[in-house]
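Notes follow once the structure below has been shown.
In our numbering, the protein residues as written are 627 to 1009.
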């Protein structure tokens, strides 16, 4: 067993650290707003005292995060469905690799699904770029989130950080029998293309020794697909992609991540579905045994993609966007005139930005976010 202090720089809070975190949360300037959203029918001071009484991570998830997810579903999701629970056992830990559309909700809704069905919740990777605000750090680390560094200019330091996180995740799954959630790529999918970065697979293998089959097999890699009828932060993503297309880069504005988190919470999402796919089996991994390590990583990433693409739920908006983008009516049978009109009205919101942007390019980007899943899913062999 590793030294218990080895991961202090990245790990979630221990139960002994929860009471102090709860007091900081309860006294935060944002607490009244947070409390009114999560507990709309309760008195502010009673909520404050309840928060201060929490002593463990499990209590925080049961008394706070459960109700936060309940409010998100009640207020912004018209239909919440899920499948694949039969693919995982409550007694085992898994490495959930998921497509990533919303900063917080992708993993948070999975925790809600696990919690309400008698499974232990997972630990969650959380980008270091988000861990600057004290309140977000306290909420995140109280909710089993651990720090994941983003790629930077110092390649050597990023490699060391990746190896460190890899060791932490392997200890969590293999020694503590705890599940872990990680996105299939660095950051959210902005263009609707859910593609696993083979660098994520490379990172997982860093802590696994020389046998690449054993290294992957013992992690019980389990792809997860989340599908939103209305893409979280779709307008914000469109503006980001527009700037990147025209300048070659995108520079985040101060407070942008917080704005994206809040927008994800309050934006209407329509129908949302989570599918827990079959874990990657040892037999599947052994088919790639003759490959070089790099090709092996690429093959595993491709296998995860096929699982996620097979489980992804296309919505009327995807078909509407595809027809609008290509000037066809190929999928007209997949949606109603009323659904098309609603999407067109949403598209018209882009006119708020026409003074600074080419509206046709913006429309192409936004319809692409919704239509791209149709194109990549049709090209993917489903397994």
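Idealized CB from N, CA, C, for every residue including glycine. All values derive from a computational prediction rather than experimental measurement.
Taking the C-alpha atoms as reference points, what is the distance between residue i and residue j?
i	j	result
residue 806	residue 864	30 angstroms
residue 627	residue 798	In this predicted model, residue 627 has a pLDDT of only 38, less than 50, meaning its place in the structure is not dependable; the value taken from the coordinates is given anyway. Roughly 11 angstroms between the two C-alpha positions.
residue 746	residue 648	22 angstroms
residue 629	residue 796	Bear in mind that the predicted position of residue 629 carries a pLDDT of just 45, short of 50, making it unreliable; the figure below should be weighed with that in mind. Computed Cα separation, rounded: 14 angstroms.
residue 676	residue 690	10 angstroms
residue 848	residue 928	13 angstroms
residue 962	residue 956	13 angstroms
residue 938	residue 851	6 angstroms
residue 923	residue 751	20 angstroms
residue 702	residue 836	47 angstroms
residue 982	residue 1005	36 angstroms
residue 720	residue 742	18 angstroms
residue 905	residue 711	11 angstroms
residue 948	residue 954	8 angstroms
residue 941	residue 749	30 angstroms
residue 819	residue 986	21 angstroms
residue 785	residue 792	10 angstroms
residue 898	residue 845	27 angstroms
residue 919	residue 853	32 angstroms
residue 887	residue 696	17 angstroms
Drop a sphere of 10 angstroms on the beta-carbon of residue i, count the other beta-carbons inside from all chains shown, and report buried for 16 or more, exposed for fewer.
i	result
residue 801	exposed
residue 824	buried
residue 1008	Confidence is the limiting factor: at residue 1008 the pLDDT is only 46, short of 50, which leaves the residue's position unreliable and the question unanswerable from this model.
residue 652	buried
residue 656	exposed
residue 789	exposed
residue 855	buried
residue 901	buried
residue 661	buried
residue 724	buried
residue 857	buried
residue 670	exposed
Where do the N-terminal and C-terminal ends of the alpha helix (DSSP H) with residue i fall, by residue?
i	result
residue 740	731–742
residue 698	692–702
residue 647	644–652
residue 873	860–873
residue 997	985–1004
residue 663	657–664
residue 911	908–912
residue 749	Where residue 749 is concerned, there is no enclosing alpha helix (DSSP H), although the beta strand (DSSP E) it sits in stretches over 749–753.
Which residues in the same chain have their Cβ closer than 7 angstroms to the Cβ of residue i, if we skip the five residues on either side of it in sequence?
i	result
residue 644	680, 681, 682, 683, 686, 768
residue 917	925
residue 951	990, 993, 994, 997
residue 828	923
residue 869	876
residue 673	661, 665
Identify, in the order they occur along the chain, each residue of the same chain with its Cβ nearer than 6 angstroms to the Cβ of residue i, setting aside the five sequence neighbours on each side.
i	result
residue 787	775
residue 881	none
residue 833	792, 793, 796
residue 969	943, 946
Quick one: measure Cβ to Cβ for residue i and residue j, integer angstroms, because I've assumed they're closer than 8 angstroms.
i	j	result
residue 931	residue 808	With 8 angstroms as the limit, residue 931 and residue 808 do not qualify as a contact, their Cβ atoms being about 15 angstroms apart.
residue 890	residue 729	6 angstroms
What are the boundary residues of the beta strand (DSSP E) that residue i is part of?
i	result
residue 899	896–902
residue 673	Taken as a continuous stretch (DSSP letters only), residue 673 belongs to no beta strand (DSSP E), being part of the alpha helix (DSSP H) at 670–679.
residue 721	721–724
residue 853	847–854
If you drop the 5 nearest sequence neighbours on each side, which residues of the same chain put their C-beta closer than 8 angstroms to that of residue i?
i	result
residue 754	773, 774, 775, 776
residue 866	816, 876
residue 973	950, 989, 992, 993
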